[in-house]
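Heads up: the sequence shown runs through residues 1317 to 1693, numbered per my numbering.
Let me begin by presenting the structure, written as structure tokens, before commenting on it.
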Amino acid sequence: MRIAYVSTFPPIECGIATYTQFLSEAMARQDNEIHIVSEDGAQGHNVYPAYTKESGSLSKDIFDMSVKVTPDVVHIQHEFGLFGATCGISVLDLIYRYRASNTPVVATFHTVLPDPNHVQLMIMSVMCKELSAVIVHEQSHFQYLIDVYGADKSKINLIPHGAREMPLVPDAKEKLGFKGKKVVLLAGYFRPTKGFDRMVELFPRVVEKVPEALLVLSGKMRLLEYGEYRNQLFELISNSPVKDNIEVLRGQFPQHTFDTILSSSDIMLFPYTAGAQSGVMAHAMTFGKPVVTSQLPAFHNIVEKADIGFSATTDDEYVDAIVKLLTDDECFQKYTLNALNYVKNTISWDVIANKTLEIYSSFNPGHKCSTRYVYFG
């Protein structure tokens, strides 16, 4: 099958870019022909930088490039803001162009808001109506599409976020200077909703019980975003009585660097107060990392389903869960094995590609004789 993805793509730094990279690689392993239509800056085999978010002809630029490869299906990776101004409203014109050319078009919604503004509601409602199929990662998003956006239930497909199968980066702790430490990792942008400050404040209680515990905050910095919060966080660290047990890593973190940081950790924390399922959690499971999360449904559901750690609400619960994982080897090993098995059997990219391919295949008209798609990349 010839598949065209409309998405950001590496080396553009974006969670959706790496998502599309891993999904498309898994699709290619099944002898599908893959083409990526992306914004300026994207690179790779059959990757076509065709537009900028600021372009007034964004939808036409994407469409004109993608139809040149005559795809059997187009798959849009959707996030508000990726398709220009006004919450990315140009995506609607793009979908209508595909509909007019009789090209099946699918979209994965990486964000589904329960309380959208007027423009967001309009865009998503029209997309749900006009798309051939919709993919979401979470049960709550499935329900929001029906209850808030009026989507046809038969169009919605629930497919979880994928994860890679790969070994730990060798000697990761040594490379980062963490040898002999029990590393508790938080990763992501420095934002108030991530809960970095809360974990810094309660970490002295962890160190009291596990002196070799090291809290590592691994964050990307956007210069104009949440600067005041970031400064307050760094001041909080400087004034912490266990500041020698806290380390901040900053950088752009290309994939191997990020994999090294993940490999160096013993456990990962997700004390988020808002947000949806995290791609970082999928990366954590790739390396078999037990987790402690907030009670946000997206996180709690995975923890419960995969049995990979604890969900917490109070500071006491966070401290107890962190200490338990750092000191109880049997418990730690159980959750590590569960995470690796969950990836292998449920969310490996090959599994996710198979489920997605079933959706694509449903658009192909039946043939009166047996046919087989052939492609040698």
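Every residue gets a Cβ at the ideal spot worked out from N, C-alpha and C, and that includes glycine.
When burial is assigned at 16 or more other CB atoms within 10 Å of the CB, is SER1581 buried or exposed?
-> As a working mapping, residue 1581 is identified with position 265 in the sequence shown. Label assigned to SER1581: buried.
Pick from SER1664, GLY1504, SER1354, MET1317: whose alpha carbon is nearest that of PRO1387?
-> Here residue 1387 refers to the residue found at position 71 when the sequence shown is read from its first residue. Minimum Cα distance to PRO1387 is reached at MET1317.
Distance CB(ILE1392)-CB(ALA1344) smaller than 9 Å | The residue given as residue 1392 occupies position 76 in the sequence shown. The residue given as residue 1344 occupies position 28 in the sequence shown. Their beta carbons are not under 9 Å apart, which means ILE1392 does not touch ALA1344 by this criterion.
Looking only at its own chain, which residues have a Cβ that is under 8 Å from the Cβ of TYR1691, when we skip the five neighbours before and after it?
-> Along the sequence shown, one-based indexing puts residue 1691 at 375. Within the same chain, TYR1691 has close Cβ partners ARG1318, ASP1347, ASN1348, GLU1349.
Classification of SER1554 by the beta-carbon crowding that lies within 10 angstroms, buried from 16 upward | For the purposes of this step, residue 1554 is taken as the residue at position 238 of the sequence shown. Per the 10 Å Cβ criterion, exposed.
Which residues in the same chain have their Cβ closer than 7 Å to the Cβ of THR1652, if we skip the five residues on either side of it in sequence?
-> Along the sequence shown, one-based indexing puts residue 1652 at 336. Same-chain partners within the cutoff: GLY1604, PRO1606.
Could you tell me whether the Cβ atoms of VAL1659 and ALA1488 are closer together than 9 Å?
-> Within the sequence shown, residue 1659 is the residue found at index 343, counting from 1. Within the sequence shown, residue 1488 is the residue found at index 172, counting from 1. No, the Cβ-Cβ distance between VAL1659 and ALA1488 is not below 9 Å.
Under 9 Å between the Cβ atoms of VAL1564 and GLY1535?
-> For the purposes of this step, residue 1564 is taken as residue 248 along the sequence shown, with counting starting at 1. For the purposes of this step, residue 1535 is taken as residue 219 along the sequence shown, with counting starting at 1. Contact flag set, yes.
Can you tell me which of GLU1551, GLY1591, VAL1516, HIS1599 puts its alpha carbon nearest to the alpha carbon of ASN1561?
-> The count along the sequence shown starts at 1 and reaches residue 1561 at position 245. It is VAL1516 whose Cα lies nearest to the Cα of ASN1561.
Cut-off 6 Å between Cβ atoms - residues of its own chain near VAL1499, not counting five sequence neighbours on either side | Taking the sequence shown and counting its residues from 1, one reaches residue 1499 at position 183. If we look at VAL1499 and ignore the five residues flanking it on each side, its Cβ neighbours are LEU1530, VAL1532, SER1580, SER1581, ASP1582.
Can you give the Cα-Cα distance for MET1381 and PHE1425, rounded to whole angstroms?
-> Position 65 of the sequence shown, counted from the first residue, corresponds to residue 1381. Position 109 of the sequence shown, counted from the first residue, corresponds to residue 1425. Rounded to the nearest angstrom, the two C-alpha atoms are 22 Å apart.
For LEU1474, is the classification buried or exposed, using 16 other Cβ atoms within 10 angstroms of its Cβ as the cut-off for buried?
-> As a position in the sequence shown, residue 1474 is number 158, starting the count at 1. Exposed: under 16 other Cβ atoms inside 10 Å.
Supposed contact pair TYR1634 and PRO1557 - C-beta distance, whole angstroms, cut 8 Å = Locating residue 1557 in the sequence shown gives position 241, counting from the first residue. Locating residue 1634 in the sequence shown gives position 318, counting from the first residue. At roughly 18 Å, the Cβ-Cβ gap does not stay under 8 Å, so PRO1557 and TYR1634 are not in contact.
Are the region 1319-1329 and the region 1393-1408 touching by the rule of at least three beta carbon pairs closer than 8 Å?
-> yes
Contacts around GLY1504, its chain only, beta-carbon distance under 7 Å, and the 5 residues preceding and following it disregarded = Taking the first residue of the sequence shown as 1, we reach residue 1504 at position 188. Taken in chain order, the residues that qualify are LYS1510, GLY1535, VAL1596.
With a Cβ-Cβ cutoff of 9 Å, do PRO1420 and ALA1449 count as a contact?
-> Counting from 1 along the sequence shown, the entry for residue 1420 is found at position 104. Counting from 1 along the sequence shown, the entry for residue 1449 is found at position 133. Yes; because the gap between Cβ atoms is below 9 Å, this pair is in contact.
Same chain, Cβ closer than 8 Å to GLY1397, five either side skipped, listed in chain order | Here residue 1397 refers to the residue found at position 81 when the sequence shown is read from its first residue. So the list reads LYS1369, CYS1403, GLY1404, once near-sequence residues are dropped.
Quick one: using the 10 Å Cβ neighbour count with 16 as the cut-off for buried, is THR1630 buried or exposed?
-> Here residue 1630 refers to the residue found at position 314 when the sequence shown is read from its first residue. Residue burial is scored here from C-beta neighbours: THR1630 has fewer than 16 other C-beta atoms within 10 angstroms and is therefore classed as exposed.
Just checking my contact of ILE1352 with THR1336 at CB under 8 Å: how many whole Å lie between their CB atoms?
-> In the sequence shown, residue 1352 corresponds to position 36, counting from 1. In the sequence shown, residue 1336 corresponds to position 20, counting from 1. 7 Å between Cβ atoms; contact.
Apart from the five residues on each side of it in sequence, which residues of its chain come closer than 6 Å, Cβ to Cβ, to ASP1623?
-> Mapped onto the sequence shown, residue 1623 falls at position 307. Around ASP1623: ASN1654.
Near VAL1639, which residues of its chain fall below 8 Å by C-beta distance, leaving aside the five closest residues on each side in sequence?
-> Position 323 of the sequence shown, counted from the first residue, corresponds to residue 1639. VAL1522, LYS1525, VAL1526, listed in sequence order.
Three-state secondary structure (DSSP) of PHE1512 = Along the sequence shown, one-based indexing puts residue 1512 at 196. The answer is helix: DSSP assigns PHE1512 an H, G or I state.
GLY1466 lies in the beta strand (DSSP E); which residues open and close that run?
-> Within the sequence shown, residue 1466 is the residue found at index 150, counting from 1. Segment: none, GLY1466 is in no beta strand (DSSP E) and carries neither H nor E.
Closer than 6 Å by C-beta to PHE1615: which residues in its own chain qualify, once you throw out the five before and the five after it? Chain order, please.
-> As a working note, residue 1615 is residue 299 in the sequence shown. Cβ neighbours of PHE1615 beyond the five flanking positions: PHE1586, THR1609.
Under the rule that 16 or more other beta-carbon atoms within 10 Å means buried, what is GLU1620, buried or exposed?
-> Reading the sequence shown from its first residue, position 304 is the one you call residue 1620. By the beta-carbon neighbour count (other beta carbons within 10 angstroms, threshold 16), GLU1620 is exposed.
DSSP three-state call for LYS1536: helix, strand or coil?
-> As a working note, residue 1536 is residue 220 in the sequence shown. Looking at LYS1536 - three-state DSSP - the assignment turns out to be coil, as it is neither helix nor strand.
Can you tell me which of ALA1637, ASP1431, MET1482, TRP1665 puts its alpha carbon nearest to the alpha carbon of ASP1575?
-> To locate residue 1575, count along the sequence shown from 1; it is residue 259. It is MET1482 whose Cα lies nearest to the Cα of ASP1575.
Using a Cβ-Cβ cut-off of 7 Å (strictly less than) and excluding sequence neighbours within five positions of PHE1648, which residues of its own chain qualify?
-> In the sequence shown, residue 1648 corresponds to position 332, counting from 1. Excluding sequence neighbours, PHE1648 sits near PRO1606, LEU1641.
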